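First residue of the sequence shown? That's 41 in this note's numbering, and the numbers climb one at a time after it. Working notes for the structure below.
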Amino acid sequence: MKKIKYLVWLIPVSIMMACSSMAVDNAIETALPSDFNVTDYALINPDVVSFQVETKIKESNQKLKDKGAYSAADSIADLSAFLTDTSVIKELFDLLGYKTNDEAWDLFISQADSIKDTIKVDIYKDFFTPYNSLNKKPNDDLNIVKEELKNVDYSLVSLHYSMFGELNGRAYRYCTKDDKKTVKQNLNQAKVNAKDIPDFRPNRYCQDKNSKINYLIK
């Protein structure tokens, strides 16, 4: 499912964030495709952007905990109020870029419920918890996310593609009418590298803006 598959991408995103102190601007210019569009890449791959937001919130929460200003019980109560405020959670889902169509929310919830029932993993809780700011009301949590999204470092978004996105076969721009000929196939178009990771290079991909299907760029 498109909404849940984003979750498995957070590991490479977290590694990329650890490199945020690097002087990357000049290095990535030569590593990116000539038609690379960072705005498209961010819209197609919202987890790359949202992880930056998660990191800022995590740092703020940790400072509060380090001061001893917030107990474990307080944290549980705070998170519960956040996760049960459906209107805030739905708006957050849209704000982060995961609402690709009118059915996206219902599909996310149904799949999350199914996963929780079958393998006992609470996708809903795991997905939204990182956006909960301690000692804040749910609406305040939402406003914090909105503010952090205004401060996204797009050099890191570009760096993610050059370090991980191309290898992972992520689409980096929207397709033109000439691109939509060969649909991306996860197994047939990748080779497995020495670390048992599927490697799609040198293939590059675009995404159809309407269907959200990824295509091989010729």
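Virtual Cβ for every residue (Gly too), placed ideally from N, Cα, C. Computed from a predicted structure; not experimentally measured.
Is it the case that the Cβ atoms of residue i and residue j are separated by a distance below 8 Å?
{"i": "phenylalanine 76", "j": "arginine 210", "result": "no"}
{"i": "leucine 136", "j": "serine 90", "result": "yes"}
{"i": "lysine 220", "j": "tyrosine 255", "result": "yes"}
{"i": "asparagine 208", "j": "phenylalanine 240", "result": "yes"}
{"i": "serine 202", "j": "alanine 71", "result": "yes"}
Output needed for residue i: all residues of its chain with C-beta closer than 6 Å, excluding positions within five of it in sequence on either side, in chain order.
{"i": "alanine 109", "result": "none"}
What does the alpha-carbon distance come out to for the pair residue i and residue j?
{"i": "threonine 95", "j": "isoleucine 84", "result": "20 Å"}
{"i": "asparagine 250", "j": "leucine 174", "result": "37 Å"}
{"i": "lysine 258", "j": "tyrosine 138", "result": "28 Å"}
{"i": "proline 170", "j": "tyrosine 164", "result": "11 Å"}
{"i": "leucine 189", "j": "serine 198", "result": "16 Å"}
{"i": "isoleucine 184", "j": "serine 150", "result": "28 Å"}
{"i": "lysine 103", "j": "alanine 112", "result": "14 Å"}
{"i": "threonine 140", "j": "isoleucine 253", "result": "12 Å"}
{"i": "leucine 119", "j": "lysine 105", "result": "14 Å"}
{"i": "alanine 82", "j": "threonine 126", "result": "25 Å"}
Looking only at its own chain, which residues have a Cβ that is under 8 Å from the Cβ of residue i, when we skip the five neighbours before and after it?
{"i": "valine 128", "result": "Phe122, Pro178, Asn179, Asp181 and Leu182"}
By DSSP's criteria, residue i is part of a beta bridge. Which residues make up the other side?
{"i": "glutamate 246", "result": "The residue you asked about is not glutamate; residue 246 is cysteine in the sequence shown. Paired residues: Arg213 and Tyr255."}
{"i": "aspartate 239", "result": "Lys231"}
Using C-beta distances below 7 Å, list every residue in its chain close to residue i, excluding the 5 sequence neighbours before and after it, in chain order.
{"i": "valine 192", "result": "Val89 and Gln92"}
{"i": "lysine 224", "result": "Gly209, Tyr245, Asn254, Tyr255 and Leu256"}
Confirm the yes/no value for this check: CB of residue i, any heavy atom of the ligand GDP, distance under 7 Å.
{"i": "proline 86", "result": "What this structure holds is no ligand at all, so the ligand GDP is not there to describe."}
So the candidates are the options; which of them puts its Cα closest to the Cα of residue i?
{"i": "aspartate 87", "options": "Glu99, Val161, Ala152 and Phe133", "result": "Phe133"}
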